[in-house]
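The opening position of the sequence shown corresponds to residue 267 in my numbering, with each subsequent residue numbered one higher.
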Amino acid sequence: MSHFAPSAWHGLLSRRDLLRVGAVGLASTVFPWATPAAQAPAKAKSVLVLWMAGGVTHIDSFDPKPDAPTEIRGSLSSIQTALPGVRFGEVMPCLAKEATKLAVLRGYSSGNDDHFHSQAMALSGRLVTPAQITTEPNIGSLVAHLLGPRAGLPAYIAVPGTTRPGPPPKNLFVGGWLGREYDPFCTGGKPAHEDFTARVKEASEERFNQQALALPVDVGADRLSQRRSLLHQLDGALARAEKAGVEETMRRQFESAFAMLLAPKVRQAFDLSAEPSALRDQYGRTKIGQRCLLARRLVEAGARFVMVDYGYDPEFGNLWDNHNAAGQNHPPLCQMVKLPYHLAGTDRAFAALLADLDTRGLLGQTLVVFLTEFGRTPRFNKQGGRDHWGKAGSLFLAGGGVRGGQVIGQTDRQGAEVKSQRCTPADVAATIYTALGLSPSTMVHDRQNRPIPLCPEGKVLPGVL
């Protein structure tokens with residue numbers, strides 16, 4: 267988790283451990299404050315983004331090419347979905363059954379083959395330059411800024427929020443020009459190895475996903491309340507600090523961190539042990555399965571914007587960047603997609619998530635977005651992998667006002683070029699904002715109070731909502 271300690275505080279907090287609240291500490295992301303925004307009737311109350319950083323192969327998942335030569339389709343077959351004439355890759359049987367809930371976008375294109383650049387565009391919905399990769403706020407940050415928190419939960423939560431593409435490792439989960447208070451609240455805290463070169467297992471995925479709520483061993487509720495009292499005693503000193511805006515921000519952040527840690531209902535939302543064992547099995551006892559289940563619990567508790575982060579991993583490296591280069595320790599892609607932590611596992615987890623949300627009456631008010639930065643090359647490389655391909659890829663949207671049971675866009679016979687209804691990261695962002703009742707033309711003010719359009723390049727995807 268990112269921490270924000272302005273210079274005005276350094277002298278005041280010489281014993282800053284007294285104010286350290288577990289991994290939350292001086293969390294800069296817990297409760298952003300809303301700015302009024304132009305709104306239309308909202309179709310969704312919450313957004314749940316399934317962020318698969320690394321570039322998910324579209325040809326082996328949502329856009330198979332069964333009639334293409336072997337060097338393109340590989341050894342995998344395709345299967346019929348619940349939609350007549352629509353086929354998915356053979357490792358996607360669960361989502362194939364849920365296809366009536368999906369609006370599949372086969373015309374997605376970032377137009378760029380670079381991880382950093384394309385990920386920044388996907389996360390921000392803005393046509394960024396290389397110099398803006400870490401300066402443009404995430405979509406979730408802008409939603410948090412405009413709509414604010416809800417139900418005592420942070421406005422923008424990332425589960426676990428530890429993906430760092432590289433080398434060198436880059437944190438793309440940013441509030442950008444809105445300020446670091448709009449970074450996501452990352453449930454996994456800070457990864458032990460940001461470049462994920464150490465192939466070691468986490469002690470527990472469940473504990474890993476709740477690091478940011480964990481109190482130190484010596485800190486109970488009573489001591490936490492005492493530290494909150496100490497915070498109030500510092501208010502007088504804060505008033506004399508040079509930068510009035512900074513210390514007011516810090517005061518609110520401290521208050522928010524304490525409030526969240528002391529609220530039983532909020533802490534319960536993060537507790538997966540409350541879920542029936544059979545349901546946990548349905549999602550899959552995998553990292554992606556349990557992260558999706560936690561995301562559903564957060565949405566059910568009232569969270570406004572939740573991102574499931576499943577990209578880079580200390581055990582598996584970059585899960586989706588499947589070049590099968592020598593240092594990646596990946597099997598050939600046609601084998602890898604069948605593994606429980608790859609496409610086969612995400613298929614199970616995502617289908618369980620959609621079915622669970624639907625059963626609970628939450629799907630209609632929750633916009634679910636499957637998002638990655640680009641697809642993979644139509645032809646396999648010599649190692650049996652696929653390389654970066656910004657010209658074409660596949661996404662899906664479901665719930666939250668989405669018209670399910672349709673495929674939008676088409677690629678050519680090799681999956682190389684978009685033939686119809688191309689959509690960009692900005693178009694996806696414009697659709698998310700519109701589903702939440704926010705006009706893409708809304709003006710947002712940065713920290714210097716300069717007006718900036720919410721989504722200047724994007725257009726709402728026709729026929730989706």
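Yeah, the Cβ is synthetic: ideal placement off N, Cα and C, and Gly gets one too.
Residue pairing of Cys360 in beta bridges, as defined by DSSP: absent, with no partner found.
Within its own chain, no residue has a Cβ closer than 8 Å to the Cβ of Pro350 once the five positions on either side in sequence are excluded. The C-beta separation of Gly724 from Ala310 comes to about 17 Å, leaving the pair out of contact by the 8 Å criterion. Here the stretch 350-363 makes no contact with the stretch 696-715; the two share fewer than three CB pairs at distances below 8 Å. Annotation for Arg679: Lys331, Asp333, Ala334 place their beta carbon closer than 8 Å to its own, counting only its chain and skipping 5 residues before and after. In the structure shown, Trp443 falls within a helical segment according to DSSP collapsed to helix, strand and coil. Looking only at Asp329, Thr395, Ser341, the smallest Cα-Cα distance to Gly373 is reached by Asp329. Secondary-structure assignment with DSSP links Arg416 through a beta bridge to Leu419. Inclusion of Leu564 and Ala535 in the CB contact set at 7 Å is warranted, their separation being smaller than that value. With contacts defined by Cβ atoms closer than 7 Å, Leu609 and Ser327 form a contacting pair. When the five nearest sequence neighbours on each side are left out, the beta carbons in the same chain lying within less than 7 Å of the beta carbon of Gln385 are those of Ala319, Pro431, Leu438, Glu639, in order along the chain. Counting along the chain, His381 sits inside no beta strand (DSSP E); it lies in the alpha helix (DSSP H) bounded by residues 381-390.
With respect to the C-alpha of Val603, the residue from Leu342, Pro542, Gln556 having the closest C-alpha is Leu342. The three-state reading of DSSP puts Phe662 in strand, counting E and B together. As a beta-bridge residue in DSSP terms, Asn584 pairs with Tyr578. Shortest Cα-Cα distance from Pro644 to any of Ala421, Val673, Ala682 involves Ala682.
In the structure shown, the three-state DSSP call for Gly667 is coil.
With a cut-off of 8 Å on Cβ pairs, the stretch 585-594 is in contact with the stretch 641-660, counting three or more such pairs. Beta-bridge partners assigned by DSSP to Tyr374: Gly659, Cys689.
In the DSSP assignment, Val673 falls within the beta strand (DSSP E) that extends over 672-674. Between Trp443 and Asp613, the C-beta spacing is not below 7 Å. Put simply, of Pro597, His381, Pro706 the residue whose alpha carbon is nearest the alpha carbon of Tyr578 is His381. Rounded to the nearest angstrom, the gap between the Cα atoms of Gly656 and Val322 is 11 Å. Under the DSSP assignment, Phe616 falls in the alpha helix (DSSP H) whose first and last residues are 609-625. Annotation: Ile718 is outside any alpha helix (DSSP H); the continuous beta strand (DSSP E) that includes it extends over 717-719. Here the alpha carbon of Pro426 sits roughly 14 Å from the alpha carbon of Val440. In this structure, the straight-line span from the alpha carbon of Ile345 to that of Gln476 is close to 37 Å.
DSSP places Met709 inside the beta strand (DSSP E), whose first and last residues are 709-711.
In the displayed model, Val394 falls within coil according to three-state DSSP, outside both helix and strand.
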